[in-house]
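So the protein sequences, as listed, match chains A and B. Numbers 15 to 315, taken from the working numbering, label the letters of the first sequence in order. Numbers 981 to 1349, taken from the working numbering, label the letters of the second sequence in order. C-beta atoms are modelled at their ideal positions from N, C-alpha and C, and glycine is treated no differently. Structure first, commentary second.
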Amino acid sequence: MVENVVETDTVPQGPRPRRAFSRTNIMLYGTLIVVALYYLLPLYVMIVTSLKGMPEIRLGNIFSPPLEVTFEPWVKAWSTACTGINCDGLSRGFWNSVRILVPSVFLSIAIASINGYALARWRFKGSELFFSILIVGAFIPYQTMLYPLVIILREIGLMGSLWGLVLVHTVFGMPILTLLFRNYFTAIPEDLHKAARVDGAGFWGIYFRIMLPMSLPIFVVAMILQVTGIWNDFLFGVIYTKPDTYPMTVQLNNIVNSVQGIKEYNVNMAATLLTAAVPLLLYFVSGKLFVRGIAAGAVKG
Amino acid sequence: MTAQDSQVNSVEVHDLDLSFGALEVLKGLNLDIPQGEFLVLLGSSGCGKSTLLNCIAGLLEVSAGKIFIQGKNVTWAEPSERGIGMVFQSYALYPQMTVKGNLSFGLKNQRMPKAEVEKRVARAAEILQIEPLLKRKPGALSGGQRQRVAIGRALVRDVDVFLFDEPLSNLDANLRTDLRVELKRLHQRLGNTMIYVTHDQIEALTLADRIAIMKDGVIQQIDSPKGIYNKPHNRYVAGFIGSPSMNFIHGRLARHSDTWMFEANNLTVPLNKYDFTTTPEPDMPVEFGLRPEHIALGDAATSQPVQSSIVVELVEPMGADTVVWSELAGTEFTIRTDSDTSVSHGDQHPIGFNPSRASIFSADSGMRV
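Structure representation (structure tokens):
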């Protein structure tokens, strides 16, 4: 302090100097590095294990890199690993998941965005109540609805089919997605909506020509939420489908948890990584848009 | 109202009510706007002026009453069917469309032939001098340019009635003055009916053919700018218009022989030149209103019919003129004078005014006497 006072005339001038190795920085970066290592270590172990052969794994050095890199476990996991009597690997589960994912994501986002738009801009009598009921739906534990849904799906003849699962995912995505879209559309200035009405655009005209083009970030957020949620779903998959239509997660479980024969750790690791690849890839590609969209949707609520 | 009247007036509002739940925003409002008039709705925020405009536009559903535009009952019509164009305070341009896209959006919704759309857009762009901007997006425009495009969007629709919802409030002071003049020019050129909402009294006084001053969902007075300024109907209007606002002195009316007098603490004003609106009663409590700019200070005071003197408390030089704060008859009193007059704190100056330019309001009802 005394030093500062003495040199007031000359030294404090321009930007204040900052030290790279200040105590705060060491604490901050130290913590971040430790946390990052903590989360990356399992991934590292999985990757190296999946690239080893079984003899090498039996040596028990789980942290050491593979002495001899082999992709055989990956090939086996994808195309020949056995679940029960089927021995065509994860590939079938992958395509099942894709066939569930694409219509579920598309339908849930399309319906929820229209819901959100209607609730934000075309208020009707009781719309607030409707919205509240919808939001309450997000807080009801899934378990209470499992059995009633089995009966509903059986009655409409969709039990065990891919479309039954699509329907379940679409319905369960509705509360949170509607909330997301409603908040985003509420934040778009109302004058814009009024101007479009004066210009003769109706409900759909405003939705497609004004709202949609302005809402790319929130659509990306909704897509990421839905793709990861539906891809990672296990509970609905195992209940509402049958072995032929099992999604990838269920099949992965069946491969990893099969009790007969030896545990092929390398194949299990490869299968797990393959299953996780889709959401992982999505985050890498759209992480920035995701953060931006979440922030935009959260501003007003 | 007869059918003939409906033909004359461009916009008519009959007994309009609007309430949001228990909150009554507009109450039994009536308004007739002749063809080609520039009507300004003026009031402080929350007085219902924008709500009224939204009702006329069809963006809010009315609770009761009827709205006619060009003699047609449009109470249930969609905004786009009413023959109106609207300009918003926030511009409300479609951000993902070019200026041209913004201008033609409404026309395309009407499925107008392409050639006609081109023609109309070109004409509007020419009138507003935004031709070089047609290919740009709103994000790349300045505030003034955006507002011009927003006006253009109303212009291309070729409608009978233009609605403006505080269109200049988001602009900086200089630009506001420029666009104000341009709007007036536009009105002179097009001759459309225009309804303009603002809380800025200068905008209202400069633009309007008639001003409607609103308070609590009720029109207080509707008159020409001159009428509003010189003969306010009630105390609210008198205090609202004018800056600095009118001086009010509490006192009583008294009758001496056949002359009415206004009497306050130490001030007596003969009212033989004052033009009474209603017949006054003796000993009636009133407020005597006098505009700061209608008071002469110094040498000029001697030629005025009523004279007194004040002690200067505060001087506010405003460039073109100077506002002097003082006290008269026990109330705060402001005088607007030429900036050449030399006044300073503590000086005593003679003042003079002409009672014929004053306004007297009943202290009980607030109405003009």
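Inter-residue Cα distance where the pair is residue i and residue j
i: B/R1103; j: A/I190; result: 48 Å
i: A/G151; j: B/L1032; result: 39 Å
i: B/F1048; j: B/I1221; result: 30 Å
i: B/G1008; j: B/D995; result: 4 Å
i: A/I244; j: A/L115; result: 6 Å
i: A/E17; j: A/V49; result: Reliability of the predicted coordinates at A/E17 is poor, the pLDDT of 49 falling under 50, and the value obtained from them is presented with this limitation in mind. Answer to the nearest angstrom: the Cα atoms are 39 Å apart.
i: A/A126; j: A/A290; result: 26 Å
i: B/I1013; j: B/L1019; result: 7 Å
i: B/L1039; j: A/N246; result: 45 Å
i: A/G315; j: B/P1112; result: Reliability of the predicted coordinates at A/G315 is poor, the pLDDT of 32 falling under 50, and no value is obtained from them.
i: A/L104; j: A/L179; result: 19 Å
i: B/S1025; j: A/P203; result: 19 Å
i: A/M68; j: A/G275; result: 13 Å
i: A/L73; j: A/Y260; result: 35 Å
i: A/F153; j: A/I61; result: 37 Å
i: A/L172; j: A/S93; result: 28 Å
i: A/Y53; j: A/N75; result: 19 Å
i: B/V957; j: B/D1320; result: Summary: the structure shown does not reach residue 957 of chain B, with chain B confined to residues 981 through 1349, and so no result is reported for it.
i: B/I1229; j: B/A1276; result: 17 Å
i: B/N1172; j: B/L1083; result: 19 Å
i: B/I1202; j: B/D1301; result: 29 Å
i: B/G1051; j: B/S990; result: 7 Å
i: B/H1329; j: B/T1282; result: 11 Å
Rounded distance between the beta-carbons of residue j and residue i, thought under 8 Å
i: B/D1145; j: B/V1177; result: 5 Å
i: B/L998; j: B/L1011; result: Actually they do not touch by this definition, with Cβ atoms about 13 Å apart.
i: B/V1249; j: B/F1268; result: 7 Å
i: B/S1336; j: B/R1348; result: Not really, about 14 Å apart at Cβ, beyond 8 Å.
i: B/I1315; j: B/S1288; result: In fact, because the Cβ distance is near 11 Å, the residues do not count as touching under 8 Å.
i: A/F199; j: A/A134; result: 4 Å
i: A/P227; j: B/Q1076; result: 4 Å
i: A/T63; j: A/N280; result: 6 Å
i: B/M1064; j: A/V212; result: The amino acid occupying residue 1064 of chain B in the given sequence is Ile; Met does not appear at that position. Their Cβ separation, rounded to whole angstroms, is 7 Å, which keeps B/I1064 and A/V212 in contact under 8 Å.
i: B/P1205; j: B/L1185; result: 5 Å
Where the alpha helix (DSSP H) containing residue i begins and where it ends
i: A/N197; result: L176 to A201
i: B/K1211; result: Neither: B/K1211 is in no alpha helix (DSSP H) and is coded neither H nor E.
i: B/S1084; result: V1079 to N1089
i: A/G219; result: F217 to I220
i: B/M1066; result: Careful: B/M1066 lies outside any alpha helix (DSSP H), inside the beta strand (DSSP E) at I1064 to V1067.
i: B/A1044; result: Counting along the chain, B/A1044 falls outside any alpha helix (DSSP H), though it belongs to the beta strand (DSSP E) covering A1044 to I1049.
i: B/A1102; result: K1094 to L1108
i: B/L1019; result: Careful: B/L1019 lies outside any alpha helix (DSSP H), inside the beta strand (DSSP E) at F1018 to L1022.
i: A/R137; result: Looking at the DSSP string, A/R137 is not in any alpha helix (DSSP H), and its letter there is neither H nor E.
Buried versus exposed call for residue i [16 or more other C-beta atoms within 10 Å across all chains shown]
i: A/L249; result: exposed
i: A/L57; result: exposed
i: B/G1086; result: buried
i: B/F1256; result: exposed
i: A/F298; result: exposed
i: B/S1324; result: exposed
i: B/Y1071; result: buried
i: A/L208; result: Residue identity check: residue 208 of chain A is Lys in the sequence provided, not Leu. When all chains shown are included, A/K208 counts as buried.
i: B/W1240; result: buried
i: A/L81; result: exposed
i: B/T1258; result: exposed
i: A/T158; result: exposed
i: A/V313; result: The predicted position of A/V313 is uncertain, since its pLDDT is 42 and thus under 50; no value can be drawn from it.
i: A/Y221; result: buried
i: B/M1298; result: exposed
i: B/M981; result: Note on B/M981: pLDDT 40, under 50, position unreliable in the model; no value is reported.
i: B/R1128; result: buried
i: A/P31; result: exposed
i: A/T255; result: buried
Residue i beta carbon near the ligand HEM (any heavy atom closer than 7 Å)
i: B/G1051; result: By its list of ligands, the structure shown contains no ligand whatsoever, and the ligand HEM lies outside what it can speak to.
Start and end residues, beta strand (DSSP E) containing residue i
i: B/G1269; result: P1265 to L1270
i: B/G1001; result: B/G1001 -> no beta strand (DSSP E), and no H or E assigned at all.
i: A/L239; result: Run containing A/L239: none in the beta strand (DSSP E); it sits in the alpha helix (DSSP H), L230 to N246.
i: A/K256; result: Run containing A/K256: none; DSSP gives neither H nor E here.
i: A/V25; result: Segment: none, A/V25 is in no beta strand (DSSP E) and carries neither H nor E.
i: B/I1036; result: Looking at the DSSP string, B/I1036 is not in any beta strand (DSSP E); the run it does join, the alpha helix (DSSP H), is K1029 to A1037.
i: B/A1057; result: First-last for B/A1057: undefined, no H or E at that position.
| query | Enumerated in chain order, which unbroken segments of the beta strand (DSSP E) with a length of 3 residues or greater are wholly contained in the stretch 32 to 119 of chain A? | reply | none
| query | Which runs of the beta strand (DSSP E) fall wholly inside the stretch 1116 to 1198 of chain B and span at least 3 residues, in chain order? | reply | 1141 to 1145, 1173 to 1178 and 1190 to 1195
| task | Output the residue ranges of the alpha helix (DSSP H) runs that lie fully inside the stretch 255 to 308 of chain A and measure 4 residues or longer, sorted by chain position. | result | 262 to 270
| request: Taking only runs that begin and end inside the stretch 1250 to 1337 of chain B, name each unbroken beta strand (DSSP E) of 3 or more residues, in chain order. | output: 1265 to 1270, 1275 to 1277, 1286 to 1291, 1294 to 1297, 1301 to 1308, 1311 to 1318 and 1328 to 1333
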